[in-house]
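Asks: In this note's numbering, the protein residues as written are 270 to 515.
Following this message is one structure expressed as structure tokens.
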């Protein structure tokens with residue numbers, strides 16, 4: 270990897286999921302070399318690294334990343350930490366493994382990937398975009414591990430933005446319900462419930478993956494140059510709604 274290379278490259282973790290695929294396509298459409306990272310092998314994006322983010326060899330990862338960047342004369346300008354694990358269950362049923370696995374993917378993977386390419390991001394005045402969740406600030410029963418990990422990701426975003434100052438920008442996107450295959454599969458036995466879920470949002474619908482992708486691309490670009498350490502909700506205003514009875 271060469272900080273002076275002309276083409277911009279973006280690392281997208283969780284690249285095979287619904288939001289991940291949309292982010293990859295949006296960055297590619299904007300001219301980025303997209304490098305997807307996922308534990309599942311996928312046909313898209315073309316340049317991908319199959320990786321278990323909970324346990325991987327850093328030197329091997331950097332070798333593979335450097336090889337891809339060299340082929341395209343590209344340097345890392347953006348990292349989108351999108352990979353996530355959602356272990357649901359009552360608090361007293363969650364095991365130490367559930368907590369450990371959740372934090373390994375939702376927090377520590379973002380920390381480690383960012384650390385590994387930090388110097389190049391600094392050289393390229395790059396940007397880190399973390400994909401969080403509305404559950405960091407407004408959650409419900411059964412989401413304790415997930416919500417706690419996403420709150421930690423928010424703290425990481427803010428602390429890193431302060432520590433790195435004007436070196437790179439670090440921001441967080443917090444989506445509410447997004448229309449992904451994973452969400453749809455959760456309602457496979459009751460598809461009408463997706464419409465009901467949408468009705469809880471003041472906009473009377475859930476979000477689309479492309480809307481998250483548009484925001485991620487905007488935050489990666491210099492036009493967002495004074496946005497740093499920010500948490501941006503993309504939630505159809507459900508985070509502003511009070512659900513008390515009339």
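Note that the Cβ used here is the ideal one computed from N, Cα and C, for glycine as well.
Quick one: what does DSSP say residue 346 is sitting in, helix, strand or coil?
Replies: Against the chain shown, residue 346 aligns to sequence position 77. Reduced to three states, the DSSP call for residue 346 is strand.
Asks: If I measure Cβ to Cβ from residue 450 and keep anything under 7 Å in the same chain, skipping five residues before and after, which residues do I get?
Replies: If you number the chain shown from 1, residue 450 lands on position 181. Once the five neighbours on either side are set aside, the close Cβ partners of residue 450 are 287.
Asks: So is residue 314 buried or exposed if we call it buried at 16+ other beta carbons inside 10 Å?
Replies: On the chain shown, position 45 is the one that residue 314 refers to. Flag for residue 314 reads buried.
Asks: Spatial neighbours of residue 272 within its chain, please: C-beta separation below 6 Å, excluding the five flanking residues on both sides.
Replies: Numbered from its first residue, the chain shown carries residue 272 at position 3. Low per-residue confidence applies at residue 272: pLDDT is 47, beneath 50, and the placement is therefore not dependable, though the value from the model is reported in the following sentence. Excluding residues within five positions, the ones whose Cβ falls inside 6 Å are 344, 389, 392, 393.
Asks: With a threshold of 7 Å on Cβ separation, who are the neighbours of residue 283 within its own chain once the five nearest residues in sequence on each side are excluded?
Replies: Position 14 of the chain shown holds residue 283. Only 289, 307, 351, 352, 353 meet the Cβ criterion.
Asks: Between residue 295 and the rest of its own chain, which residues show a CB-CB distance below 8 Å, the 5 nearest in sequence each way excluded?
Replies: Numbered from its first residue, the chain shown carries residue 295 at position 26. Excluding residues within five positions, the ones whose Cβ falls inside 8 Å are 479, 482, 483, 485, 486.
Asks: Tell me, please, which residues DSSP counts as bridged to residue 288.
Replies: Within the chain shown, the letter at position 19 stands for residue 288. Residue 288 pairs with nothing; no bridge assigned.
Asks: Can you give, in chain order, each stretch of the beta strand (DSSP E) that sits fully within the stretch 427-501 and has at least 3 residues?
Replies: List check, beta strand (DSSP E) in window: 438-444.
Asks: Can you round the beta-carbon distance between residue 415 and residue 364 to whole angstroms, since I take them to be within the 8 Å contact cut?
Replies: Walking along the chain shown from the start, residue 415 turns up at place 146. Walking along the chain shown from the start, residue 364 turns up at place 95. Rounded, the Cβ-Cβ distance is 14 Å, inconsistent with contact.
Asks: Three-state secondary structure (DSSP) at residue 272?
Replies: Stepping through the chain shown from its first residue, residue 272 is reached at position 3. Its pLDDT being 47, under 50, residue 272 is placed unreliably by the model, and the measurement read from it follows with that caveat. In this structure, residue 272 counts as coil in the three-state DSSP scheme.
Asks: If you reduce the DSSP assignment to three classes, tell me which class residue 357 lands in.
Replies: In the chain shown, counting from the first residue as 1, residue 357 sits at position 88. Three-state result, residue 357: coil.
Asks: Residue 392 by DSSP, collapsed to three states: which one?
Replies: Within the chain shown, residue 392 is the residue found at index 123, counting from 1. In the structure shown, residue 392 sits in a helix (DSSP, three-state: H, G or I).
Asks: Go ahead and pull the three-state DSSP assignment for residue 334.
Replies: Here residue 334 corresponds to residue number 65 of the chain shown, with the count starting at 1. The answer is helix: DSSP assigns residue 334 an H, G or I state.
Asks: Measuring only the C-alpha atoms, how far is residue 471 from residue 299?
Replies: Residue mapping note: residue 471 aligns to position 202 of the chain shown, counting from 1. Residue mapping note: residue 299 aligns to position 30 of the chain shown, counting from 1. In a straight line, the C-alpha of residue 471 is about 31 Å away from that of residue 299.
Asks: From the DSSP output, in three-state form, read off residue 278 for me.
Replies: Working through the chain shown from its first residue, we reach residue 278 at position 9. Note: residue 278 maps to strand in three-state DSSP.
Asks: Leaving out five residues on either side along the sequence, give the residues of the same chain with a beta carbon under 8 Å from the beta carbon of residue 382.
Replies: Counting from 1 along the chain shown, the entry for residue 382 is found at position 113. Around residue 382: 280, 282, 306, 322, 348, 350.
Asks: By the 10 Å Cβ neighbour count, where 16 or more other Cβ atoms means buried, how is residue 506 classified, buried or exposed?
Replies: Mapped onto the chain shown, residue 506 falls at position 237. Burial call: exposed.
Asks: Taking the continuous alpha helix (DSSP H) assigned at residue 371, which residues delimit it?
Replies: Position 102 of the chain shown holds residue 371. From DSSP, the alpha helix (DSSP H) with residue 371 extends over 365-372.
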